[in-house]
Amino acid sequence: MPELPEVETVRRGLVPVLEHRRLTRVTLRRGDLRVAFPPHFAERLVGREVKRLFRRAKYLLAELDEGETLVMHLGMSGRLSVHAQERHRRLGRYTRVPAPAEVGRGPHDHVIIETDAPATIVFTDHRRFGLMLLLETATLEQHPLFDGLGVEPLSKRFTAAYLGKVLEGRRTPIKSALLDQRTLAGLGNIYVCEALFRAGISPKRSASKVDRARSLRLTRAIRSTLRQAIKAGGSSLRDYAHTDGALGEFQHRFAVYDREGAPCPRAGCEGGIKRIVQSGRSTFFCPACQR
DNA sequence: CTTACGGCCTGTACGC
DNA sequence: TGCGTACAGGCCGTAA
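In my numbering, the protein residues as written are 23 to 313.
If you want it as structure tokens, here you go:
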């Protein structure tokens, strides 16, 4: 799935069942994701409290007590679904009624996390490009996964000046440079295509030849695209869904992505959307308005 | 150093 | 219907 807006939407869905909650049970159904689970992964999580749930690039991070952080990445096809458990009052005490037995029983359900919300969270990933790790909070930024990531595109540090600086001297096309998480953290193929269209920049333009005016337009286009996508709950194409199973809506607003042959949506433009392949990935753009 | 490419997995859509 | 091929939102290791 998931680029920044999708991961952010999932994060918001998980906050009520994770933040300031305790992990009561963790079950691993299979252990062969892109990165193997650390030893005793499940046992180490049980009983821990989640202090906050935040996002860096496309990573979801649950900061736990005792100085450790649970790192989650959804890869291409990962999903996190929340199944609320009921709380019944019986004999003056609250008794938990577990989620139905079929929850977490799918062939690609890898991890089941129960919390005292009470709720069951299931991590599903049929392509197994996702990962879950437990890392020390203090040295998180130095870990190879995070060391060298670019700035967050929705933070104050993301400015036209920053963009100009990180694109300087790069000989690769702007499309490829924006997909590189060291340039900017969190963009993927969809939102790069959409932002370049909004900024009127050709995906084939050399990154080093994105001038001042263009980098200003691009900065604004990236911010507006991401903000609107988050507001729409992300884009649901194949695997992506919210934690409650609802679908995102932003796919209905794509100007270029997956619209090969469609007329360019810009008023007054007679051109059509073209698809090309750049470093092995599909790029969609309007050759008439993107220069 | 930078950049390009293949591979990791499985599922789905499409053409014959 | 069945089969083969291409492709999919990410990332990493290797090679040039």
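From the three backbone atoms N, C-alpha and C, an ideal C-beta is built for every residue, glycine too.
The beta strand (DSSP E) runs of length 3 or more contained entirely in the stretch 242-300 are, from start to end of the chain, 296-300.
In the DSSP annotation of this structure, the continuous segment of the beta strand (DSSP E) that includes valine 93 starts and ends at 90-95.
Listed as beta-bridge partners of glycine 100 by DSSP are Asp147.
When Pro129, Thr137, Thr161, Ala121 are compared, the shortest CA-CA separation from valine 93 is found for Thr161.
Glutamate 292 and cysteine 311 have their C-alpha atoms roughly 10 Å apart. Per DSSP, the unbroken alpha helix (DSSP H) holding phenylalanine 63 starts and ends at 63-67. Judged by beta-carbon spacing, glutamine 203 lies within the 8 Å limit of alanine 79, meaning their Cβ atoms are closer than that value.
Just so you know, the alpha carbons of leucine 155 and phenylalanine 63 end up roughly 8 Å apart. When only Cα atoms are considered, arginine 227 and leucine 269 end up about 34 Å apart.
In this structure, DSSP gives arginine 33 a helical state, which the three-state scheme calls helix.
Within the stretch 173-222, complete alpha helix (DSSP H) segments of at least 4 residues are found at 182-189, 196-201, 211-221, given in chain order.
Between the alpha carbons of alanine 289 and leucine 55 lies a distance of about 46 Å.
Residues of the same chain with a CB within less than 6 Å of the CB of serine 99, apart from the 5 flanking positions on each side, are Asp147, His148, Arg149, Asp261 in chain order. For serine 230, no beta strand (DSSP E) encloses it, and the DSSP letter there is neither H nor E.
By DSSP's assignment, arginine 74 forms a beta bridge with Glu85. Shortest Cα-Cα distance from glutamate 108 to any of His130, Phe276, Val72, Thr142 involves Thr142. Its chain contains Pro195, Lys197, Ser198, Pro225, Lys226 as the residues whose beta carbon lies nearer than 8 Å to that of glutamine 300, once the 5 sequence neighbours on both sides are disregarded; these appear in chain order.
In chain order, Ser237, Thr241 place their CB closer than 6 Å to the CB of leucine 185, counting only its own chain and leaving out the 5 sequence neighbours on each side. About 6 Å separates the beta carbon of leucine 102 from that of threonine 265, a gap short enough to meet the 8 Å contact definition. Phenylalanine 306 is bridged by DSSP to Arg297. If you compare the alpha carbons of Glu271, Val48, Val133, Pro140 with that of glycine 255, the shortest gap goes to Glu271. Counting only runs that start and end inside the stretch 121-165, the beta strand (DSSP E) elements of at least 3 residues fall at 131-137, 141-147, 153-158. In the structure shown, leucine 26 adopts helical secondary structure according to DSSP, grouped into three states.
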